[in-house]
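**Q** Note that our numbering has the sequence shown beginning at 259, numbered continuously upward.
Beta carbons: idealized from backbone N, C-alpha and C, even for Gly.
Here the structure is a predicted model, which is why all the values come from computation and not from measurement.
Sharing a structure, written as structure tokens. Questions coming.
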Amino acid sequence: MASTSASSRAPLASRPSQSRISDNSAGSSSAPRPKQDKRRAANLLRDYYGLSSDAPSTSQSPAPSSDDASTTTSAPKIDLRSLLSSSSLSVLLGKESELIVQIRQLDGERQSLVYNHHHELVAASDTIRNMKLKSESLDPSLDSLKTSFETMSNLASNLEVLRSSASNPKAAQPSDTSDLDPLRDLEPIVALPATLSDLIECRLDAS
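Now the structure itself:
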């Protein structure tokens, strides 16, 4: 009888230990879930911001110089570990949604800037094209103006010859008077107003 009572007590005594083991196993299986959720959120954030691919390169990169350190200190930093340790999953998802909204706003502003600069570039190209067409239309006027300047220079040289001959009539008496024709010398002067008016009309038509 004593042996049977002892054997009946042994399973009863072992049952609480089994229940404790089951409770501990259940607690241990439920405990890693928040850590797994945090790791999953951390992996998602690393994949979204491209931090996982940059991690090996940053570890192998050489130590930055003083100039690089001064430039990097001014740049904004994201302490991902402290953010993950101090915030819950809902807070992290809220931060992610805020960042997505900001990224979309920046993308829209970038597209608007590109469109505005493209419009200004098209307007500048149209202006250059119009200036080129107007400059090509001014070529005949420039040619006629060049001819008029040549005529005026010839006239000035002829007038200088006449002035010198008038100041020294005895020394400048020609052997043959047929070479000097006053009407021929004065003809460019008479035609000068008409030439200038034609140039002005050509300039107005070109503009």
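Within 8 Å, do at least three Cβ pairs link the region 403-415 to the region 371-388?
**A** With a cut-off of 8 Å, the region 403-415 and the region 371-388 do not count as touching, because too few Cβ pairs lie within range.
**Q** At the level of alpha carbons, what is the spacing between ARG298 and VAL359?
**A** On the sequence shown, residue 298 is found 40 positions in, with the first residue counted as 1. On the sequence shown, residue 359 is found 101 positions in, with the first residue counted as 1. Spanning the two alpha carbons is a distance of roughly 22 Å.
**Q** Can you tell me which of the three DSSP states SER346 falls into?
**A** Reading the sequence shown from its first residue, position 88 is the one you call residue 346. Three-state DSSP puts SER346 in coil, outside helix and strand.
**Q** Return the Cβ separation of LEU342 and LYS296 in integer angstroms, given the expectation that the two are a contact with Cβ distance under 8 Å.
**A** Along the sequence shown, read from residue 1 onward, the residue named residue 342 stands at position 84. Along the sequence shown, read from residue 1 onward, the residue named residue 296 stands at position 38. At roughly 6 Å, the Cβ-Cβ gap stays under 8 Å, so LEU342 and LYS296 are in contact.
**Q** Nearer than 7 Å: is that true of the beta carbon of GLU408 relative to any heavy atom of the ligand SAM?
**A** By its list of ligands, the structure shown contains no ligand whatsoever, and the ligand SAM lies outside what it can speak to.
**Q** Does ALA414 have its Cβ less than 8 Å from a Cβ in chain B?
**A** The structure shown contains no chain B; it is built from a single protein chain.
**Q** Distance, Cα to Cα, SER212 vs SER399?
**A** The question about residue 212 has no answer, for the chain in this structure spans 259 to 465.
**Q** Between LEU357, ARG304, GLU356, which has its C-alpha nearest ARG339's C-alpha?
**A** One-based indexing of the sequence shown puts residue 339 at position 81. Comparing Cα positions, the closest option is ARG304.
**Q** Start and end of the alpha helix (DSSP H) containing LEU396?
**A** Numbered from 1 along the sequence shown, position 138 holds the residue referred to as residue 396. No alpha helix (DSSP H) holds LEU396; DSSP gives it neither H nor E.
**Q** For ASN426, does the three-state DSSP call read helix, strand or coil?
**A** As a first step, residue 426 must be located in the sequence shown, where it is residue number 168. In the structure shown, ASN426 sits in coil (DSSP, three-state: anything other than H, G, I, E or B).
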